Amino acid sequence: CMECPAGYVQGSAGSTSCTACPAGSYQNTTGSSQCMECPAGYVQGSAGSTSCTACPAGSYQNTTGSSQCMECPAGYVQGSAGSTSCTACPAGSYQNTTGSSQCMECPAGYVQGSAGSTSCTACPAGSYQNTTGSSQCMECPAGYVQGSAGSTSCTACPAGSYQNTTGSSQCMECPAGYVQGSAGSTSCTACPAGSYQNTTGSSQCMECPAGYVQGSAGSTSCTACPAGSYQGSAGSTSCTACP
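In structure tokens, the structure reads:
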């Protein structure tokens with residue numbers, strides 16, 4: 001009798017031929033009566049084979065006796081050969097193609113809070129993210145704003161404006177009678193008595209000129225001294241009676 005070669009088997013006594021091991025199985029010894037299934041993570045697409053092949057990185061096979069590997073779906077990866085499953089990309093990362101071995105970090109300005117994702121989301125206006133691979137956006141602090149989505153920083157409100165809430169997309173102008181000389185501010189300051197400001201969005205108060213006064217803070221104009229009184233100095237709060 002002749003032994004069946006590796007990759008072939010003879011299951012019945014007295015047979016005159018050997019049978020090739022089918023796809024999904026193998027036999028690495030001669031004279032065998034049974035084929036062996038490829039283990040999970042390994043495949044064989046051809047009949048008459050003497051070994052199985054590990055599924056390459058980016059693919060898997062979770063059943064025995066298989067002839068084909070399966071690609072990892074988008075959002076999942078596998079970095080090792082011979083694997084039986086794929087791993088979800090963690091929060092802060094994504095993978096938008098099938099059959100991948102590595103996840104990709106979300107770029108700065110973008111985030112992903114869920115595992116197994118195929119894309120990242122732009123941080124909305126009023127927020128930012130300055131690092132890669134992040135799962136959450138950060139709100140702009142009070143005094144700072146961001147009007148665009150997908151941003152990596154916030155911008156200080158310029159002099160003459162303010163913002164008193166977090167997560168804002170726009171600064172607010174100081175109203176008439178109020179000013180702010182510094183950037184990144186959360187409030188405006190009333191013009192003191194003896195001064196005024198008649199426009200919005202201003203950084204400086206203006207002194208009342210000589211002959212005019214203002215006794216209240218936060219004013220938009222000065223008042224002329226009435227007949228019988230005078231004021232020779234600028235920035236005054238009251239008139240003086242004529243002698």
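Sequential numbering of the sequence shown, starting at 1, is according to UniProt numbering. Note that beta-carbon positions come from the ideal geometry of N, C-alpha and C, so glycine has one too. It should be emphasised that the depicted structure is a prediction, and the values quoted were computed from it without experimental measurement.
- Query: Do you know offhand how far alanine 183's Cα is from threonine 220's?
  - Reply: For alanine 183 and threonine 220, the gap between their C-alpha atoms comes out near 22 Å.
- Message: Do glutamine 78 and tyrosine 60 count as a contact pair if the criterion is CB distance below 7 Å?
- Response: yes
- Cβ-based neighbour list, valine 9, same chain, cut-off 7 Å, excluding 5 preceding and 5 following: So the qualifying residues of the chain are Cys18, Thr19, Cys21, Gln27, Ser32, Ser33, Gln34, Cys35.
- Query: Does the separation of the CB atoms of cysteine 208 and glycine 228 fall below 7 Å?
  - Reply: no
- Item | Cβ neighbour criterion (16 or more within 10 Å) applied to glutamine 136 | exposed
- Message: So, under 8 Å CB-CB, proline 89 and cysteine 103 are touching, yes? Tell me the CB distance rounded to an integer number of Å.
- Response: For the record, residue 89 in the displayed sequence is cysteine; it is not proline. Contact between cysteine 89 and cysteine 103 holds: CB atoms are separated by about 4 Å, below the 8 Å threshold.
- Message: Is the beta carbon of serine 15 closer than 7 Å to that of valine 43?
- Response: no
- Query: Quick one: what does DSSP say methionine 2 is sitting in, helix, strand or coil?
  - Reply: coil
- DSSP puts serine 127 in a beta bridge; with which residues? Glu139
- Just the Cα atoms here: how many angstroms apart are alanine 125 and valine 145? 8 Å
- Can you tell me whether DSSP reads alanine 217 as helix, strand or coil? coil
- Task: Sort Gly92, Ser49, Ala234 by Cα distance to alanine 6 and report the nearest one.
- Result: Ser49
- Task: Return helix, strand or coil for alanine 156, following the three-state DSSP convention.
- Result: If DSSP states are grouped into helix, strand and coil, alanine 156 belongs with the strands.
- Message: Helix, strand or coil, according to DSSP, for threonine 237 in the structure here?
- Response: Threonine 237 falls in the coil class under three-state DSSP.
- Message: Once DSSP output is grouped into helix, strand and coil, what is the label at alanine 20?
- Response: Reduced to three states, the DSSP call for alanine 20 is strand.
- In three-state DSSP terms, what is alanine 190? strand
- Under three-state DSSP, which class holds alanine 88? Reduced to three states, the DSSP call for alanine 88 is strand.
- Measure the beta-carbon distance from glycine 171 to serine 187 and round it to whole angstroms, keeping in mind my assumption that it falls under 8 Å. Checking the sequence, you will find cysteine at residue 171 rather than glycine. No, cysteine 171 and serine 187 are not in contact; Cβ-Cβ is about 12 Å, not under 8 Å.
- Message: According to DSSP, is alanine 81 part of a helix, a strand, or is it coil?
- Response: coil
- Local Cβ density within 10 Å of glutamine 129, reported as buried at 16 or more and exposed below that: It is buried - the Cβ of glutamine 129 has at least 16 other Cβ atoms within 10 Å.
- Per DSSP, which one or two residues make a beta bridge with threonine 132? Answer is none; threonine 132 lacks a bridge partner.
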